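Chain order of the listed sequences is Y and A. The opening position of the first sequence corresponds to residue 1 in the numbering used here, with each subsequent residue numbered one higher. The opening position of the second sequence corresponds to residue 1001 in the numbering used here, with each subsequent residue numbered one higher. Even for Gly, the Cβ is constructed at its ideal location relative to N, Cα and C. Keep in mind that this is a model prediction, so the values were computed, not measured. Working notes for the structure below.
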Amino acid sequence: STIVLVFEAPEDFEFSVHAGQKVRVGQRLGDI
Amino acid sequence: IVNAWTETPTKWYPLPLAVGAILLVAIQYRKKVKRARQEVELNEDGLEVIKLRGPWHVHVIGALPLRNMSRLWGYVNSLELPVWIRPYGFRLYAFAFGCNLDEVEHADLREYPSLGAFFYRRLKPGARPVDHAILVSPADGRMLHFGRITESRVEQVKGITYSLDALLGIERPGSPAPLPVAVAHNRDMEVVDDHEFAIVNGIEYSLDQLIGGTSSSTPSSPGTRTPSSDEGSTLVNRSTSGSSTATPSEASDADDVPKKFGAQTDASVGPENMEETLVHDASVALQMGVKPALEIDVKAALDRRRSVTSGKHVRPGNALFFSVIYLAPGDYHRYHSPTAWVVEKRRHFVGELFSVSPYMAKRLENLFVLNERVALLGRWKHGFFGMVPVGATNVGSIVVNFDTELRTNIRGRPPPPGTYTEAVYSGASPILRGQPLAPAEEMGGFRLG
Chain Y
1 STIVLVFEAP EDFEFSVHAG QKVRVGQRLG DI
Chain A
1001 IVNAWTETPT KWYPLPLAVG AILLVAIQYR KKVKRARQEV ELNEDGLEVI
1051 KLRGPWHVHV IGALPLRNMS RLWGYVNSLE LPVWIRPYGF RLYAFAFGCN
1101 LDEVEHADLR EYPSLGAFFY RRLKPGARPV DHAILVSPAD GRMLHFGRIT
1151 ESRVEQVKGI TYSLDALLGI ERPGSPAPLP VAVAHNRDME VVDDHEFAIV
1201 NGIEYSLDQL IGGTSSSTPS SPGTRTPSSD EGSTLVNRST SGSSTATPSE
1251 ASDADDVPKK FGAQTDASVG PENMEETLVH DASVALQMGV KPALEIDVKA
1301 ALDRRRSVTS GKHVRPGNAL FFSVIYLAPG DYHRYHSPTA WVVEKRRHFV
1351 GELFSVSPYM AKRLENLFVL NERVALLGRW KHGFFGMVPV GATNVGSIVV
1401 NFDTELRTNI RGRPPPPGTY TEAVYSGASP ILRGQPLAPA EEMGGFRLG
């Protein structure tokens, strides 16, 4: 199963993860 | 060889005209086929034609009855296991797929009657601390891909893209303009100017209590975040009370809808405890930066609403982003809200149930728009927000806690790709005209079969 997020955000939004990284519920994905 | 190369005389003669013409036709044909593979194929309405594309083994997999296999898999795994075998069986499963049994809700594995129940397990409260960032992970899994969306194309893997319209669905032609997003003035709730207190149904709540912070002496309510001072919020498992009822919104309108766009239904969620709901909604509203009790310009609200429900138009200074999280078989399979947002509608796309493993994602084009999925569309502080749980062969059942009418992976021939049924949650919240969700609030999950 997969979850796809599509969202609008300010252009300076930055992801704080890298491709292939294991993530957990509540973990920071990105911030402004 | 040397002699042949040096001593053989070269004799030039003209090719027959027909051979040259055939050669040119063959070259043009090859170019056309190559271009057709790379370019998006459009139908007569200008919409992308979604079909199976990939190497030959992908087509072999596509010929299998994946949906029937998925339902059979779910049935087998729903069978109750003998009590004595459960701990051994689940430990073996946990060992094989890397589950951490220390964090499951029931330490006594005999309490899970079947593998399906164990697969859909809850975690212990506090097992997942919630970060204070504006966007947190909605699930346990692996981040497959993320980035910015350009020209309405989402990148599945490097070099392979799919259409945003195909993923989220397009608006029905001729659909009526949506209602204003904001409640002009709600007497049930007021927010004072300094934003330190909110009054809900005559009861005063501190903002600390509503949006999280230090301790408060005002009445407590379930469903709000209660972070400790140094470790952030804890996982919120909010069981939604009430039931969802899906009724045809407008019979005449639904009759006019072309079949490819599906019928529209209206699912409204009736809360049992209005006060609890208001506090919860107010919490989400405040985290989104909305002032529920203040007058909001209706035109601006309409413009914003139109722009955010499609995901096509973004505010100046904003951009569209995406991220894809893959849940492996051993992962915790419930998903949570990634931010404070309001779900306005859901679109259920019945489709195939291919595996969504990274192996398939690299080979099968349009994987995420071919598979069965539920697009939850709404808005957050910065505009449009959409979340799409995508099913797979082993997990065809997608659960949305606040939408009990939703049924996925049911028997029958799937309609053409791109078809969906829609439900709106406008009745779920008296303040926000949608289903409000707090960060890390449990939203639903994936079940076997």
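{"Check": "Rounded to a whole number of angstroms, what is the C-alpha to C-alpha distance between LEU1302(A) and HIS1313(A)?", "Outcome": "Low confidence applies to LEU1302(A): its pLDDT is 47, below 50, so where it sits in the model is not reliable, and the reading given next is rough at best. The straight-line gap from Cα to Cα measures roughly 14 Å."}
{"Check": "At what residues does the beta strand (DSSP E) containing VAL1157(A) begin and finish?", "Outcome": "1153-1157"}
{"Check": "Residues of chain Y with a CB under 9 Å from the CB of SER1323(A): which are they?", "Outcome": "ILE3, VAL4, LEU5, VAL6, PHE7, PHE15, VAL17, LEU29, GLY30"}
{"Check": "Kindly indicate if chain Y contains any beta-carbon less than 8 Å away from that of PHE1119(A).", "Outcome": "no"}
{"Check": "Taking contact to mean 3 or more Cβ pairs, one atom from each stretch, closer than 8 Å, check whether the segment 1369-1377 of chain A and the segment 1346-1354 of chain A are in contact.", "Outcome": "yes"}
{"Check": "Anything in chain Y within Cβ reach of HIS1145(A), meaning under 7 Å, just list it in chain order.", "Outcome": "ALA19"}
{"Check": "Quick check on VAL1342(A) - is its C-beta less than 8 Å from some C-beta in chain Y?", "Outcome": "no"}
{"Check": "Residues of chain Y with CB closer than 7 Å to the CB of SER1137(A), please, in chain order.", "Outcome": "VAL23, ARG24, VAL25, GLY26, GLN27, LEU29"}
{"Check": "Have a look at GLY1427(A) and PHE1402(A) and give me their C-alpha separation to the nearest angstrom.", "Outcome": "12 Å"}
{"Check": "When you compare the CB of SER1241(A) with every CB in chain Y, is at least one pair closer than 8 Å?", "Outcome": "Reliability of the predicted coordinates at SER1241(A) is poor, the pLDDT of 33 falling under 50, and no value is obtained from them."}
{"Check": "Give me the DSSP bridge partner(s) of ILE1398(A).", "Outcome": "PHE1446(A)"}
{"Check": "Excluding five sequence neighbours on each side, which residues of the same chain lie with their C-beta closer than 6 Å to the C-beta of HIS18(Y)?", "Outcome": "none"}
{"Check": "For ILE1134(A), decide whether its Cβ has a neighbour in chain Y, counting only Cβ atoms nearer than 8 Å.", "Outcome": "yes"}
{"Check": "Should the segment 1393-1413 of chain A be called in touch with the segment 1082-1095 of chain A, which here means at least 3 C-beta pairs below 8 Å?", "Outcome": "no"}
{"Check": "Applying the criterion that 16 or more other CB atoms from any shown protein chain within 10 Å of the CB defines a buried residue, is ARG1433(A) buried or exposed?", "Outcome": "buried"}
{"Check": "With distance defined between alpha-carbon atoms, name the residue in GLY1330(A), PRO1138(A), VAL1343(A), GLU1155(A) nearest to ILE1431(A).", "Outcome": "VAL1343(A)"}
{"Check": "For ASN1318(A), which residues in chain Y fall below 9 Å Cβ to Cβ?", "Outcome": "GLU8, ALA9, PRO10, GLU11, PHE13"}
{"Check": "Thinking C-alpha only, which one of LYS1381(A), TRP1380(A), LEU1353(A) is nearest PRO1389(A)?", "Outcome": "LEU1353(A)"}
{"Check": "In whole angstroms, what separates the C-alpha of SER1355(A) from that of GLY1074(A)?", "Outcome": "15 Å"}
{"Check": "Chain Y beta carbons: is any one of them nearer than 8 Å to that of GLY1141(A)?", "Outcome": "yes"}
{"Check": "Taking C-beta pairs closer than 8 Å, name the residues in chain Y that LEU1167(A) reaches, listed in chain order.", "Outcome": "VAL4, VAL6"}
{"Check": "Just checking: is the beta-carbon of ALA1018(A) within a distance shorter than 8 Å of some beta-carbon in chain Y?", "Outcome": "no"}
{"Check": "Sort ASP31(Y), PHE13(Y), ILE3(Y), GLY20(Y) by Cα distance to GLY1317(A) and report the nearest one.", "Outcome": "PHE13(Y)"}
{"Check": "Residues of chain Y with CB under 9 Å from TRP1380(A), in chain order?", "Outcome": "PHE7, GLU8, ALA9"}
{"Check": "Relative to the C-alpha of VAL4(Y), which candidate in ILE1085(A), PRO1082(A), ASN1068(A), SER1137(A) has its C-alpha closest?", "Outcome": "SER1137(A)"}
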